[in-house]
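Engineer: Please read through the structure below; I'll follow up with questions.
Number of protein chains: 2
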Amino acid sequence: MRRAGLSSQDVVAAAAELADEAGYQELTMGRVAQRLGIRVPSLYKHVDDLADLRRRVATQAVTELGEAVRDALQGRSGLDALTATLTTIRAYVTAHPGRYAATTGQQLTDPADPLVTASSRLLDSIAAMLRGYGIADTEMNHAIRTLRCTIHGYAALQAADGFQWSADADESFGWMIRFLDRGLRTMCLPPETPPASARDAREGAPDVPAPCHADRLAAAGDAAVSSQPG
Amino acid sequence: MRRAGLSSQDVVAAAAELADEAGYQELTMGRVAQRLGIRVPSLYKHVDDLADLRRRVATQAVTELGEAVRDALQGRSGLDALTATLTTIRAYVTAHPGRYAATTGQQLTDPADPLVTASSRLLDSIAAMLRGYGIADTEMNHAIRTLRCTIHGYAALQAADGFQWSADADESFGWMIRFLDRGLRTMCLPPETPPASARDAREGAPDVPAPCHADRLAAAGDAAVSSQPG
DNA sequence: AACGATGGCTAATCAGATTAGCTTTAAGAC
DNA sequence: GTCTTAAAGCTAATCTGATTAGCCATCGTT
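If you read the protein sequences in the order shown, they are chains G and D. Remember, my numbering sits 8 above the position in the first sequence when you count from 1. Remember, my numbering sits 8 above the position in the second sequence when you count from 1.
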């Protein structure tokens, strides 16, 4: 019989496409083999096992996403950069829900893992965006983590079920961007600075640490930040 | 042989405990049966199948979480209420990572589904928190969605790997709360209101819809908001 | 033309979910 | 007290999907 002549890359690519088209839960050895026109056991010549394949798909996703974000950030700063970042991520997750789904739930422990490397790059881009945004170094870790939560939450929800929340999803997305923008812009000013609004900031807030001084930064290159890609 | 005399509730409870203790990926019919001291096929007298069991665990989680948040919000408003909400959710997810993990990836389509009901209640609590926070009705949907993304992102990341991001996670959590607080307080003021900061808000922001007027609200009881629990 | 690594295959195994069908308990009807 | 019967368990069997073992063909190299 004629050989297909596949590489690991081909297998991962097929898996990624399959996940996007049929849903991440359909990313199975059988479906991948079928798509490639080979039998299931042959896949094991190219990947270790299903977990390995999933992890490679996740790595590809984070890599692609990181490149897209880096490209989108060229020459931008402030709200412009924030908008570009979120828009890019949203577009990516919309186009590749299965790939993004693969990234959720991956452990990032081994520093030599390509997935960890790719995640670090993505977070570096976000950090650069925030730095150009005027976030102080002392706040950087907190800001990255906060933004990461919001972005990951948005992306995870979107990847999970395509956001059926009706027609005004675009507006909500824009609102979210403006929300983040304002939060970032006011975050490093003294606590009293935000304009007196219709708000009663009670005194007895349960257990929030003191405002606006970040001690003990976990140093640079803090790979622990990226405990989860995206 | 002696009967165990189990109910569906017992099975779900055992599954929830198992998921918390051993991790969501260990939530398997075999492990659940083992924990209950019965054989695997007997489980099918109490639940339809594994998907049903998972969904019930998710429902229990969202219900418990909703009750906890509702309790925590008693007599609070503003930053106090926001802090209570997030602190409660964080505590719940920390105590019950497996349960929370069960909620991610559930579809919420059928309005009669108990999971949908429970999710709606939780979102109602969050809406009440925001309303008491001074968010206009026209912005409510956007605010809920935004907050939901951040909360879900935080919870999902935490449930996935327990947040190994080093020692200052608490500080980041506090920072995030203050960030959200400031964002919410400044969000419904005219765009120019936020104090001129070290920021250059460029003009050419890619594609964000116009600021601060929300048209076409998806009416009340908008179950589509809860496309994902938590 | 031989060769050796590579990529593919069949057959078999294993794990986990699910189904079929039987048996016994235990709760209520008489 | 017995009788009946639905519910709750069980064993055995099936099915799906992942994985392993071991064989064979292809292809680039010598």
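From the three backbone atoms N, C-alpha and C, an ideal C-beta is built for every residue, glycine too.
1) Return the residues of the segment 25 to 55 of chain D that lie within a Cβ-Cβ distance of less than 8 angstroms from chain G, sorted by chain order.
2) For threonine 102 of chain G, which of helix, strand or coil comes out of DSSP?
3) Please specify which runs of the alpha helix (DSSP H), each continuous and at least 4 residues long, are wholly inside the segment 99 to 152 of chain D, giving them in chain order.
4) Please confirm if aspartate 118 of chain D has its CB atom under 8 angstroms from at least one CB of chain G.
5) Would you say isoleucine 159 of chain G faces chain D, with C-beta separation under 8 angstroms as the test?
6) What does the alpha-carbon distance come out to for the pair valine 124 of chain G and glutamine 68 of chain G?
7) Under DSSP, the alpha helix (DSSP H) around valine 33 of chain G begins and ends at which residues?
8) For the 8 angstroms Cβ check, are there 3 or more pairs between the segment 174 to 185 of chain D and the segment 126 to 146 of chain G?
9) Among the candidates D:His104, D:Ala89, D:Glu179, D:Arg63, whose CA atom is the shortest distance from the CA of alanine 126 of chain D?
10) Measure the Cβ-Cβ separation of valine 77 of chain D and alanine 23 of chain D and say whether it is below 8 angstroms.
11) Give the C-beta separation of glycine 106 of chain G and leucine 35 of chain G to the nearest angstrom, bearing in mind that I take them to be a contact with Cβ-Cβ under 8 angstroms.
12) Is there a C-beta anywhere in chain G that falls below 8 angstroms from the one on valine 101 of chain D?
13) Does glutamate 240 of chain D pass the burial test, meaning 16 or more other C-beta atoms within 10 Å, or should it be called exposed?
14) Just tell me which of G:Arg153, G:His54, G:Lys53 has its CA closest to the CA of valine 165 of chain D.
15) List in chain order: all unbroken alpha helix (DSSP H) runs of 4+ residues lying wholly within the segment 36 to 62 of chain D.
16) Closest to threonine 194 of chain G by C-alpha separation, out of G:Ala151, G:Ala167, G:Asp178, would be which residue?
17) Between which two residues does the alpha helix (DSSP H) harbouring leucine 188 of chain D extend?
18) Are the C-beta atoms of serine 180 of chain D and some chain G residue less than 8 angstroms apart?
19) I'd like to know if glutamine 115 of chain D contacts chain G, where contact means its C-beta is closer than 8 angstroms to some C-beta of that chain.
20) Evaluate the contact criterion for the segment 184 to 193 of chain D versus the segment 179 to 195 of chain G: three or more CB pairs, one atom per stretch, below 8 angstroms.
21) How about alanine 163 of chain D and valine 70 of chain D: are their beta carbons less than 8 angstroms apart?
22) What is the C-beta distance between isoleucine 134 of chain G and threonine 93 of chain G, in whole angstroms, given that I count them as a contact (C-beta under 8 angstroms)?
23) Drop a sphere of 10 angstroms on the beta-carbon of valine 48 of chain D, count the other beta-carbons inside from all chains shown, and report buried for 16 or more, exposed for fewer.
Structural biologist: Reading from the atomic positions:
1) none
2) As a working mapping, residue 102 of chain G is identified with position 94 in the first sequence. The answer is helix: DSSP assigns threonine 102 of chain G an H, G or I state.
3) 105 to 111, 122 to 139
4) Position 110 of the second sequence holds residue 118 of chain D. Output row for aspartate 118 of chain D: interface = no.
5) As a working note, residue 159 of chain G is residue 151 in the first sequence. Yes, contact with chain D.
6) In the first sequence, the residue the question calls residue 124 of chain G occupies position 116. In the first sequence, the residue the question calls residue 68 of chain G occupies position 60. Rounded to whole angstroms, valine 124 of chain G to glutamine 68 of chain G spans 12 angstroms at the Cα level.
7) Taking the first residue of the first sequence as position 1, residue 33 of chain G is located at position 25. A small correction: the amino acid at residue 33 of chain G is glutamine; valine does not occupy that position in the sequence shown. Taken as a continuous stretch (DSSP letters only), glutamine 33 of chain G belongs to no alpha helix (DSSP H), as it is neither H nor E.
8) no
9) As a first step, residue 126 of chain D is located in the second sequence; it is residue number 118 there, counting from the start. Of the listed residues, the one whose Cα sits closest to alanine 126 of chain D is D:Arg63.
10) Indexing the second sequence from 1 puts residue 77 of chain D at position 69. Indexing the second sequence from 1 puts residue 23 of chain D at position 15. No, the pair does not count as a contact, with Cβ atoms beyond the cut-off.
11) By 1-based counting over the first sequence, the position of residue 106 of chain G is 98. By 1-based counting over the first sequence, the position of residue 35 of chain G is 27. Confirmed, Cβ separation roughly 7 angstroms.
12) Here residue 101 of chain D is taken as the residue at index 93 of the second sequence, counted from 1. Judged by the 8 angstroms Cβ criterion, valine 101 of chain D is not in contact with chain G.
13) No statement about residue 240 of chain D is possible, as the shown extent of chain D runs from 9 to 238 and does not include it.
14) For this step, residue 165 of chain D is matched to residue 157 along the second sequence. Note on residue identity: the sequence assigns leucine, not valine, to residue 165 of chain D. Minimum Cα distance to leucine 165 of chain D is reached at G:Arg153.
15) 37 to 44
16) As a first step, residue 194 of chain G is located in the first sequence; it is residue number 186 there, counting from the start. Taking only the C-alpha atoms, the option nearest threonine 194 of chain G is G:Ala151.
17) On the second sequence, residue 188 of chain D is found 180 positions in, with the first residue counted as 1. First-last of the alpha helix (DSSP H) with leucine 188 of chain D: 177 to 195.
18) Walking along the second sequence from the start, residue 180 of chain D turns up at place 172. Cβ-Cβ to chain G under 8 angstroms: yes for serine 180 of chain D.
19) Reading the second sequence from its first residue, position 107 is the one you call residue 115 of chain D. For glutamine 115 of chain D, the answer is yes, since a Cβ of chain G falls inside 8 angstroms of its Cβ.
20) yes
21) Counting from 1 along the second sequence, the entry for residue 163 of chain D is found at position 155. Counting from 1 along the second sequence, the entry for residue 70 of chain D is found at position 62. No; because the gap between Cβ atoms is not below 8 angstroms, this pair is not in contact.
22) To locate residue 134 of chain G, count along the first sequence from 1; it is residue 126. To locate residue 93 of chain G, count along the first sequence from 1; it is residue 85. Correct: roughly 7 angstroms between the Cβ atoms.
23) Here the question's residue 48 of chain D lines up with position 40 in the second sequence. By the 10 Å Cβ count, valine 48 of chain D comes out exposed.
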